[in-house]
Amino acid sequence: DTGVSQNPRHKITKRGQNVTFRCDPISEHNRLYWYRQTLGQGPEFLTYFQNEAQLEKSRLLSDRFSAERPKGSFSTLEIQRTEQGDSAMYLCASSSPALELFFGSGTQLSVL
Amino acid sequence: QKEVEQNSGPLSVPEGAIASLNCTYSDRGSQSFFWYRQYSGKSPELIMSIYSNGDKEDGRFTAQLNKASQYVSLLIRDSQPSDSATYLCAVIKYSQFYFGTGTSLTVIP
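As they're listed, the protein sequences go chains A and B. Quick note on the working numbering: the first sequence kicks off at 1 and runs consecutively. Quick note on the working numbering: the second sequence kicks off at 1 and runs consecutively.
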């Protein structure tokens with residue numbers, strides 16, 4: 001499978017716990033993006049990487065959120081001290097040189 | 001002002017009809033435009049990209065771009081029940097992709 005891979009598909013956690021999601025982009029894509037999507041809304045930009053460098057982070061993003069992309073390959077998104085408002089679909093995407101964005105299947109987070 | 005605006009719908013068309021989906025964007029400097037289809041509970045899937053004024057056709061889909069009016073549209077010909085989904089418009093600005101809230105389309109058999 002050469003598409004964008006995300007794990008886990010679903011995560012249920014209790015409020016206050018930390019969670020970490022993983023994304024493996026399409027191998028030849030050097031740009032990787034994280035988005036969050038809630039019901040009835042479009043994907044909301046969180047952050048993006050070009051290779052291992054995190055080039056931009058949304059101003060709306062809480063300090064509880066952090067992302068890494070060591071060695072410019074896979075990426076992780078960590079949410080510390082989760083809150084119920086963090087419940088959403090977390091989408092990872094990588095972009096081709098033509099700047100077309102391809103999404104993984106997403107991680108559905110439920111914070112109880 | 002949002003970067004991308006879409007009518008949330010829902011839009012209903014009978015099977016075999018043409019579905020027309022519309023999108024406006026706020027930044028005249030936007031260069032690249034995309035349409036994504038998203039089925040319920042699934043992630044967005046790229047349908048079309050368009051970069052220059054005019055029409056671009058791919059099978060039953062036609063994307064139309066009018067930069068002067070800051071307007072992008074997607075036409076779906078011979079609509080099928082399997083086309084029932086939410087359609088997201090997206091634009092690029094400074095390497096960021098901005099998405100509209102999507103238009104829900106239902107094709108009635």
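Think of the CB as a built atom: it goes at the ideal place given N, C-alpha and C, for glycine as much as any other residue.
With respect to the 8 Å criterion, residue 47 of chain A and residue 26 of chain A are not classified as neighbours on the basis of their beta carbons. Take the alpha-carbon of residue 54 of chain A and the one of residue 68 of chain A: they are about 8 Å apart. A residue is called buried when at least 16 other Cβ atoms come within 10 angstroms of its Cβ; residue 94 of chain B does not meet this threshold and is exposed. For residue 21 of chain B, the uninterrupted beta strand (DSSP E) run begins and ends at 19-25, by DSSP.
By DSSP's assignment, residue 1 of chain B forms no beta bridge with any residue. Contact annotation, residue 28 of chain A with residue 49 of chain B: C-beta distance approximately 18 Å; criterion of less than 8 Å not satisfied. Secondary structure note for residue 10 of chain A: its beta strand (DSSP E) is the uninterrupted segment 10-13. From the beta-carbon of residue 101 of chain B, the residues of chain A found nearer than 8 Å are 40, 41, 42. Scanning its chain for C-beta atoms nearer than 7 Å, with the 5 sequence neighbours on each side dropped, one finds around residue 3 of chain B the residues 25, 26, 27, 91, 93, 98, in chain order. In this structure, residue 85 of chain A lies away from residue 100 of chain B, with their beta-carbon atoms at least 8 Å apart.
Excluding its 5 nearest sequence neighbours in each direction, residue 56 of chain A has C-beta neighbours in its own chain below 6 Å: 48, listed in chain order. Sequence-ordered contacts of the region 73-95 of chain A with chain B read 91 [C-beta pairs closer than 7 Å]. For residue 57 of chain A, the enclosing beta strand (DSSP E) starts and ends at 53-57.
Among the residues of chain A, those whose CB is under 9 Å from the CB of residue 46 of chain B are 100, 101, 102, 103, following chain order.
Excluding residues up to 5 positions away in sequence, 34, 36 lie with their Cβ nearer than 7 Å to the Cβ of residue 46 of chain B in the same chain. When rounded, the separation of the alpha-carbon atoms in residue 85 of chain B and residue 37 of chain A is 16 Å. Note: residue 79 of chain A is bridge-paired with A:19, A:65 in the DSSP secondary-structure output. Between residue 71 of chain B and residue 21 of chain B, the C-beta gap is not smaller than 8 Å, which leaves the two residues out of contact.
Residue 58 of chain B carries a strand assignment under DSSP once its states are collapsed to helix, strand and coil. By DSSP's assignment, residue 76 of chain B forms a beta bridge with B:19, B:61. Counting only residues of its own chain and dropping the five nearest sequence neighbours on each side, residue 108 of chain A has a CB closer than 6 Å to the CB of 10, 89. Its Cα nearest to that of residue 66 of chain B, the residue B:53 stands out among B:41, B:53, B:83. If you draw a straight line from the Cα of residue 51 of chain A to the Cα of residue 78 of chain A, it comes to about 19 Å.
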